[in-house]
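Peer 1: Just so you know, we're using the numbering used here here: the sequence shown kicks off at 2 and counts up by one. A virtual CB, placed ideally from N, CA and C, is assigned to each residue, including glycine. No experiment lies behind these values; they were computed from the predicted model shown.
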Amino acid sequence: MAPYKPPAPDVARALAKLPLLVDSQVVVFPRLRVQLVVREPRQLQLVSDVLGTHRAVGIGQPPESVAEGAESAQLCGVGAVGTIVEAAPIAGGRGQLVVIGRGRIKLSALVAAGPCPYPRAMATVLPSLDTAVTPGELAALHHEAERFASIMSKRDPGFRYRVPDDPDPGFVADHAAHAMIIDPRHRQTILETLDVRERVLRVAELLMLQSSALDEEPQSGSGGLN
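Structure below.
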């Protein structure tokens with residue numbers, strides 16, 4: 002795989018047979034970038050195929066009871082569709098990707114694999130439910146994000162976070178979850194939360210719980226974010 006400069010992406014035409022990467026540690030939110038490494042031959046083949054076509058890829062998590070690398074029939078029902086915007090080979094025959102999220106998706110049916118070595122599924126883009134978020138609720142999210150960022154910066158001077166200046170509260174919640182929610186299962190829960198108000202409240206609660214847990218730990222025992 003060689004580095005490239007992608008043209009304008011085309012996600013819609015990929016949704017009927019969307020190639021899937023399964024990774025229990027990766028959750029991709031709309032408009033946000035994630036770096037990941039692919040190792041398996043079938044994953045490398047997937048990347049090669051999509052770079053030559055629509056550059057779209059589905060990212061999904063297996064349920065907790067299912068092993069890594071499960072087929073899409075065993076994925077969580079909500080995942081993300083993203084566009085590969087950077088791709089380069091790295092040591093050990095692996096590939097390093099940068100994917101930017103394009104939307105939440107519902108994975109509805111496994112596509113017959115045939116000669117294709119990697120899973121594909123039919124996917125539908127899921128709209129957010131734009132329920133009203135009060136100024137107080139959004140302020141509470143900002144407060145908890147700033148509190149957690151302050152705690153982390155004291156433990157890790159290289160840690161930086163700024164609440165985005167964006168009018169969309171759903172994106173603000175996604176941005177905070179992407180940057181600061183530690184457990185990938187909790188990030189997956191946020192991805193599955195289509196109601197914007199519920200998402201804002203849930204992210205604020207998770208950040209509050211994380212801050213409280215870190216306040217109770219000695220600094221020498223703290224860990225970094227995923």
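Within the present structure, is the beta-carbon of ALA15 separated from the nearest heavy atom of the ligand GDP by less than 8 Å?
Peer 2: This structure lacks the ligand GDP, and indeed carries no ligand of any kind.
Peer 1: Could you name the residues of the same chain whose beta carbon sits closer than 7 Å to that of ARG14, not counting the 5 residues immediately before and after it, in chain order?
Peer 2: HIS55
Peer 1: Decide if the region 115-130 is in contact with the region 18-25; the criterion is three or more beta carbon pairs, one per stretch, under 8 Å apart.
Peer 2: yes
Peer 1: What span of residues does the beta strand (DSSP E) with PRO90 cover, start to end?
Peer 2: 79-91
Peer 1: So what's ARG148 in DSSP terms, helix, strand or just coil?
Peer 2: helix
Peer 1: Excluding five sequence neighbours on each side, which residues of the same chain lie with their C-beta closer than 6 Å to the C-beta of LYS6?
Peer 2: Caution applies to LYS6, whose pLDDT of 43 falls short of 50 and renders its modelled position unreliable; the model cannot decide the point.
Peer 1: For ARG188 and ALA178, which I take to be in contact (beta-carbon distance under 8 Å), what is that distance rounded to the nearest angstrom?
Peer 2: With a Cβ gap of about 5 Å, ARG188 and ALA178 count as contacting.
Peer 1: For GLU69 and SER25, I'd like the C-alpha separation in whole angstroms.
Peer 2: Because the pLDDT at GLU69 is just 48, under 50, the model does not fix this residue reliably, and the value given afterwards should be weighed accordingly. Near 7 Å, if we compare the C-alpha coordinates of SER25 and GLU69.
Peer 1: If distances are taken between C-alpha atoms only, which option among ILE183, ILE152, HIS143 comes closest to PRO165?
Peer 2: Minimum Cα distance to PRO165 is reached at HIS143.
Peer 1: Consult DSSP for GLN26 and reduce its assignment to one of helix, strand or coil.
Peer 2: coil
Peer 1: Helix, strand or coil for ARG40, going by three-state DSSP, please let me know.
Peer 2: coil
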